Amino acid sequence: MSTPIPEVQRAYFGTGATLDVEFRRAQLARLREAVVRREGEILDALKRDLGRPHAESYMAEIATLLADVDRARRHLRAWARPRRQRTPLALFPARSWIRPEPYGSVLVISPWNYPFLLATAPLAAALAAGNCAVVKPSEAAPHTSRLVERILGETFEPAYVSVVQGGVPETQALLAQRFDYCFFTGSARVAKLVMAAAAQHLTPVTLELGGKNPCIVERDADVALAARRIAWGKFINAGQTCIAPDFVLAHQAVKPALL
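So the sequence shown is numbered by the working numbering: it starts at 6 and just counts up by one.
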């Protein structure tokens, strides 16, 4: 039986290569360059999977990712720096620090509604923090998922970043392995399964799920502007956005005009 991916990555992580801040910044730069170089292919893949216009895909997925990467590269040295903390008197004469440390091998499970961004943005965060990563793209967006695999395969070594394709069986097989952290974006129903599987190894998780998102319109609001912005937020990506407006709370004085 072949060695599980997280064990291969944990061995690479054990070399200490990913701990160096300049190494992390360089890998983020490589990711950025790869995305910019394949921009047209990414937009075409998203069009084939979702029918989404190129301009919307660029704004919602590519530009958002690049902004995340740029911010991480800009602030990474400060984020990784140990910070002195006050020490309780009972522990005198000790000194205290907070030292940010990576986990090791991180599993990223992404959904179909933003199939490029939600595969690569958590990946960028994991790499910025000094981890290795395994990305499981959504099988419901096959053109984008295959392109994600090609881009990451051409950019990183498998012991550092790997991509696993497939559906429910492959996801279950991944979750049965012991990762050091798991990041899942999707439904609350599937999130319960992810959390239950991670609990078998005491693996910490981040679950990015849907929500109920109110828009509040006060009586002094610019009603036309509010209406346009609420509609834009609701209809972008055909409404398939976890932070899309879900309901409106409007002051009774502006309710008729808003409607």
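Glycine residues also receive a C-beta, built at the ideal position from the N, C-alpha and C atoms. Model, not experiment: these values are computed from the prediction.
Handout entry: Neighbourhood of R100 by C-beta, 8 Å cutoff - its chain only, sequence neighbours within 5 removed
Key = Mapped onto the sequence shown, residue 100 falls at position 95. Taken in chain order, the residues that qualify are R89 and T92.
Practice task
Count the other CB atoms, across all protein chains shown, that sit within 10 Å of the CB of D25; report buried if there are 16 or more and exposed otherwise.
Solution key: Sequence index remark: in the sequence shown, residue 25 carries index 20 (1-based). Counting the other CB atoms within 10 Å of its CB gives D25 a total below 16, which places it among the exposed residues.
Exercise for the section: Evaluate the contact criterion for the segment 103-112 versus the segment 126-143: three or more CB pairs, one atom per stretch, below 8 Å. Expected result: The segment 103-112 is in contact with the segment 126-143.
Exercise for the section: Would you identify the three-state DSSP class for K141, choosing helix, strand or coil? Expected result: Taking the sequence shown and counting its residues from 1, the one referred to as residue 141 is at position 136. In this structure, K141 counts as strand in the three-state DSSP scheme.
Exercise for the section: Tell me where the alpha helix (DSSP H) around E213 begins and ends. Expected result: The sequence position of residue 213 within the sequence shown is 208, counting from 1. Going by DSSP, E213 is part of no alpha helix (DSSP H) but of the beta strand (DSSP E) stretching over V210 to E213.
Exercise for the section: With a threshold of 16 other CB atoms inside 10 Å of the CB of R233, please say whether the residue is buried or exposed. Expected result: Counting from 1 along the sequence shown, the entry for residue 233 is found at position 228. It is exposed - the Cβ of R233 has fewer than 16 other Cβ atoms within 10 Å.
Problem - Separation of L214 from A68, as counted between CA atoms - result: Translated into positions along the sequence shown, residue 68 becomes position 63. Translated into positions along the sequence shown, residue 214 becomes position 209. In a straight line, the C-alpha of A68 is about 22 Å away from that of L214.
Practice task
Determine the burial state of E66: buried for a count of at least 16 other Cβ atoms within 10 Å of its Cβ, exposed for fewer.
Solution key: The residue you call residue 66 lines up with position 61 of the sequence shown. By the neighbour-count criterion, in which a residue is buried when 16 or more other Cβ atoms sit within 10 angstroms of its Cβ, E66 is buried.
Handout entry: First through last residue of the beta strand (DSSP E) which encompasses F188
Key = Taking the first residue of the sequence shown as position 1, residue 188 is located at position 183. Element bounds for F188: Y186 to T190.
Handout entry: Cβ neighbours of L254 in the same chain (closer than 6 Å, five flanking residues each side left out)
Key = As a first step, residue 254 must be located in the sequence shown, where it is residue number 249. So the qualifying residues of the chain are P219 and I221.
Problem - For I47, the first and last residue of its enclosing alpha helix (DSSP H) - result: The sequence position of residue 47 within the sequence shown is 42, counting from 1. Counting along the chain, the alpha helix (DSSP H) containing I47 begins and ends at E44 to L55.
Problem - Cα-Cα separation between P120 and L96, rounded to whole angstroms - result: Locating residue 120 in the sequence shown gives position 115, where the first residue counts as 1. Locating residue 96 in the sequence shown gives position 91, where the first residue counts as 1. Each residue's alpha carbon lies about 49 Å from the other.
Practice task
Could you name each continuous beta strand (DSSP E) segment of 3 residues or more that falls completely within the segment 101-155, going from the start of the chain to the end?
Solution key: Taken in chain order, the unbroken stretches of beta strand (DSSP E) that lie wholly in the segment 101-155 and span 3 residues or more are 101-103, 110-114 and 137-141.
Problem - Beta-carbon proximity of A50 to R151, cut-off 9 Å - result: By 1-based counting over the sequence shown, the position of residue 50 is 45. By 1-based counting over the sequence shown, the position of residue 151 is 146. Using a Cβ distance threshold of 9 Å, A50 and R151 count as a contacting pair.
Problem - Proximal residues to M6 (C-beta, below 6 Å), its chain only, five neighbours per side dropped - result: Taking the first residue of the sequence shown as position 1, residue 6 is located at position 1. Any answer about M6 is weak, because its pLDDT of 36 lies below 50 and its placement is not dependable; what the coordinates show is given next. Hits under 6 Å: none found.
Practice task
Report all residues from its chain with a CB closer than 8 Å to the CB of V169; omit the five preceding and five following residues, and keep chain order.
Solution key: In the sequence shown, residue 169 corresponds to position 164, counting from 1. I10, V139, V140, K141, E175 and L179, listed in sequence order.
Problem - Burial state of I103, where buried means 16 or more other Cβ atoms lie within 10 Å - result: Position 98 of the sequence shown, counted from the first residue, corresponds to residue 103. Taking all protein chains shown into account, I103 has fewer than 16 neighbouring C-beta atoms within 10 Å of its C-beta and is therefore exposed.
Handout entry: Cβ neighbour criterion (16 or more within 10 Å) applied to P20
Key = The sequence position of residue 20 within the sequence shown is 15, counting from 1. According to the sequence as given, residue 20 is Thr; it is not Pro. Burial is judged here by how many other beta carbons sit within 10 angstroms of a residue's own beta carbon; T20 has fewer than 16 and is exposed.
Problem - Straight-line gap, L81 to A133 (C-alpha atoms, nearest Å) - result: Taking the first residue of the sequence shown as position 1, residue 81 is located at position 76. Taking the first residue of the sequence shown as position 1, residue 133 is located at position 128. Their backbone Cα atoms lie some 7 Å apart in a straight line.
Practice task
With DSSP collapsed to three states, give me the class of I221.
Solution key: Position 216 of the sequence shown, counted from the start, is the residue given in the question as residue 221. Here DSSP, grouped into helix, strand and coil, assigns I221 to strand.
Handout entry: Euclidean distance between Cα positions of P209 and C187
Key = Reading the sequence shown from its first residue, position 204 is the one you call residue 209. Reading the sequence shown from its first residue, position 182 is the one you call residue 187. Spanning the two alpha carbons is a distance of roughly 6 Å.
Practice task
Determine the extent of the alpha helix (DSSP H) in which V195 is found, giving its start and end residues.
Solution key: Residue 195 sits at position 190 when you count from the first residue of the sequence shown. Per DSSP, the unbroken alpha helix (DSSP H) holding V195 starts and ends at A193 to A204.
Practice task
Out of N242, E223 and I241, state which residue places its alpha-carbon closest to the alpha-carbon of A262.
Solution key: The residue you call residue 262 lines up with position 257 of the sequence shown. Considering only alpha carbons, the answer is E223.
Practice task
Compare the beta carbon distance of E162 and Y63 with 9 Å and say whether it is the shorter of the two.
Solution key: By one-based count along the sequence shown, residue 162 stands at place 157. By one-based count along the sequence shown, residue 63 stands at place 58. Taking 9 Å as the Cβ cut-off, E162 and Y63 do not qualify as a contacting pair.
Problem - Closest by C-alpha distance to D54, when choosing among A83, V153 and W117 - result: By 1-based counting over the sequence shown, the position of residue 54 is 49. Per the Cα distances, W117.
Handout entry: Top-ranked residue by Cα proximity to A129, from S192, L264 and A31
Key = As a position in the sequence shown, residue 129 is number 124, starting the count at 1. Looking at the Cα atoms, A31 is the closest of the given residues.
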